[in-house]
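Going by my numbering, the residue at position 279 of the sequence shown is 279; the numbering climbs one at a time, nothing skipped.
Ideal Cβ placement from N, Cα and C applies to all residues, glycine included.
Every value quoted in this text rests on a predicted model; they were computed, and no experiment measured them.
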Amino acid sequence: QLHSDLDKGVGTVKYTLSGDGAGTVFTIDETTGDIHAIRSLDREEKPFYTLRAQAVDVDTKKPLEPESEFIIKVQDINDNEPRFLDGPYVASVPEMSPVGAYVLQVKATDADDPTYGNSARVVYSILQGQPYFSIDPKTGVIRTALPNMDREVKEQYQVLIQAKDMGGQLGGLAGTTTVNVTLTDVNDNPPRFPKSIFHLKVPESSHVGSAVGRIRAVDPDSGKNAEIEYNIVPGDGGNLFDITTDENTQEGVIKLKKPLDFETKKAYTFKVEASNLHLDHRFHSVGPFKDTATVKINVLDMEEPPVFSKPLYTMEVYEDTPVGTIIGAVTAQDLDAGSSSVRYFIDWKNDLDSSFTIDATEGTIATNELLDRESTAQYNFSIVASKVSNPLLSSRVQVIINVLDVNEFPPELSVPSETAVCENAKAGQVIQTVTAADRDLSPAGQRFSFRLSPEAASKPNFTVHDYRNNTAGIETRRNGYSRRQQELYFLPVVIEDSSYPVQSSTSTMTIRVCRCDPDGTILSCNVEAIFLPVGLSTGALVAILLCIIILLAIVVLYVALRRQRKKDTLMTSKEDIRDNVIHYDDEGGGEEDTQAFDIGALRNPKAMEESQARRDIKPEALRFPRQPAAAEDGADIKDFIHQRLQENDGDPTAPPYDSLATYAYEGAGSVAESLSSIDSLTTEADQDYDYLSDWGPRFKSLAEMFGEEES
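So, in structure tokens, the structure goes:
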């Protein structure tokens, strides 16, 4: 209630309320000043309200006192239960953990006022999950309550947790949540075989590396704790088999290491050991973490193809062996219980290969044609053996036949049959080392021997020295050789091999006499004429020939130039608009030179017309009109030439007769027009060079020079 000291209770004071919640949450009696809540209040929604009140005169509406502010605080009651905001919970704990092992901590929140009463004081308890787990009533920490909980017995646990306010007293509100606890695995169980003996049946035709059976040891653990390694215990039959672990199923896969043969051994027995890869030292006291079982394998008899006595047959035969000669045999047997006969045939790569035949019953191989080692040195083919009772069962073996050589080719020189000897060679000097080659297949240790033929052994020029290592040296037998006396020597060399029968051949060595320097370096081996004087060397001959060739070239060039001068050097086409200067220094050719001057004018002076222009210069444009002198009939040619000479000597524009100047017109289409002064209407006399004086001191000399000419 609000009350003013000025209120006498006669109804002259009016109370007003404003601020937070005025009119919506709270209302005031204007006469008495009583404040009432007009709806339910929730401390958790709004814990307090700030209001302003004032006393006003009813008649004048003026405040009797200043406005005052006050706070209405909402007092809490226990109307909210505790809540687990993070629930439900998931936790895990290793199996076999001791009592009191930490599992998880839960936390409940109460929205009531913790500063007022026990409305927000929460206590935890377990409603479901005992006696396996316990919880601290104040902190909410969950721990194990039983020792040695085994995952293999029970893996999942659901614990129901309650949180109650008012300190757990009667009348308090409560909230619950669930905690799902999983026991994680530890390696506390060894692998165990479900039975002590495993029986397997394996066909004898199984391939090496193939799986012939599977066994499995059981480990109740999970994950890496259940990984098992299998090993074969060394003993009877274990060397024929191997075992590996299937990572997906943890089974032991038994594989074949060697071929099986029912006829040799029908059963195998060995032991297999299964053990864990990851051990936990805490459980070593439980016992060894491995187990052993016996595996018995019975080999099943299968019908098999014949088996050859060797994996590869190698035979040899001499070339030219008669057709039908037996060179070897192959053998295959049927090792099954009911032995069957075997048939043989050759598997040729193509129909053209028919050098050998085989007896279908005995397996003997014979030649079918004459063999030539030089054509084919080795034959490689397959022989197939099949059962008579079941031809589909067959096997094959590779046969290699080497053709042995018969000594039928004589050895020959394997180096060039030509060499050289210096004129200044000394006796006993080796001029060439020779070797031999034989087209026959030389067996190991074959030797070649070298010697001179009987007809050459008596000559005193050269000899052959056999080094007895399949090489020989050609040696000189005298001092000095002369090309003028004999330039070529022919030396027959006899070569023999050591095979049977002995083959020999005679090869002729050509020895050329050459001129050498004192060190033995060859300078020249060319042929020179015998009639040349002594001392005229080859270099001198080459120099003389070069001089003759140069003189001939000069003569031919001179004649060509003379012919070229007789051609017209002027441009014959007026369409060729180029700047050409043709310059020649020779004098005129006289009366025979009809190209440079019209000789007809000399023979007939009347032929000269007034309009005829000279051919050697370009006519001047009406500047120097030429008045030809009248010539009488029968005028002396000498006087006429003299007259013309005087006329041209006085003409400053006429060049001498022994030179020719040509100025080509640039063309009407040029922007710069013609650069030639021939067609210019002005002369030097018309030019005014006074402007050169205005160009400064650098052009002073040029201005003075042109000024003197003008004066």
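Consult DSSP for residue i and reduce its assignment to one of helix, strand or coil.
i	result
H281	helix
D466	strand
R644	helix
G19	strand
N187	coil
V502	coil
V286	helix
A332	strand
A560	helix
F448	coil
N276	strand
L104	strand
G117	coil
T292	strand
L312	strand
K61	coil
N225	helix
Looking at C-alpha atoms only, which residue of the options is the closest neighbour of residue i?
i	options	result
V421	L279, P697, D517, I346	D517
L300	S275, S206, T244	S206
A163	F84, V153, I215	F84
Q398	R562, S382, S134	S382
T476	P460, Q486, E487	P460
L452	A108, M509, Y344, E369	M509
L183	R143, Q169, P194, G175	R143
G480	N424, T521, S505	N424
D242	L523, V218, T269	T269
S125	T176, V388, Y102	T176
P410	P94, I431, K266, A437	A437
S18	D42, V493, D7, Y49	Y49
D221	T264, V153, F462, D636	V153
Just the C-alpha distance for residue i and residue j, rounded to the nearest angstrom, thanks.
i	j	result
G363	D372	24 Å
Q507	Y500	First, the residue type needs correcting, since residue 507 is Ser and not Gln in the sequence shown. Distance between the alpha carbons of S507 and Y500: 21 Å.
S309	G209	24 Å
D639	I550	50 Å
P652	F699	29 Å
R563	L557	10 Å
A703	G650	30 Å
G11	P66	19 Å
E69	V122	37 Å
A377	D405	9 Å
M705	N648	29 Å
V212	H199	11 Å
N180	V141	14 Å
N248	R214	13 Å
Y689	G707	7 Å
S4	T60	17 Å
T292	A217	9 Å
S354	I327	15 Å
T433	V415	9 Å
N189	A274	13 Å
H281	K138	37 Å
K258	L104	58 Å
E229	I135	42 Å
N402	V295	50 Å
Just checking: is the beta-carbon of residue i within a distance shorter than 8 Å of some beta-carbon in chain D?
i	result
V212	The structure shown has no chain D; it contains just one protein chain.
Excluding the five sequence neighbours on either side, which residues of its own chain have a C-beta within less than 8 Å of the C-beta of residue i, listed in chain order?
i	result
K349	F381
N526	T538
N470	T435, A436, R447, F448
N390	E303, S340
Short of 7 Å in beta carbon distance, which residues of its chain neighbour residue i, apart from the five on each side in sequence? Order them along the chain.
i	result
A120	D110, D112, D113, P114, D165
D246	V253
Y467	G473
S394	P305, V384, A385, S386
H465	A472, G473, E475
Enumerate in chain order the residues of its own chain whose CB-to-CB distance from residue i is below 6 Å, with the five nearest sequence positions on each side excluded.
i	result
L173	E81, D165
D34	Q1
Y313	V330, V399
K224	H278
Could you tell me how far apart the beta carbons of residue i and residue j are, in whole angstroms, since I believe they sit closer than 8 Å?
i	j	result
Q54	P47	Not confirmed; about 25 Å, so no contact.
G171	N118	Not really, about 10 Å apart at Cβ, beyond 8 Å.
P306	A332	4 Å
E95	D150	6 Å
V233	K271	4 Å
At a threshold of 7 Å, does residue i count as lining the ligand PLP (C-beta to nearest heavy atom)?
i	result
V559	Here there are no bound small molecules, and the ligand PLP is not part of this structure.
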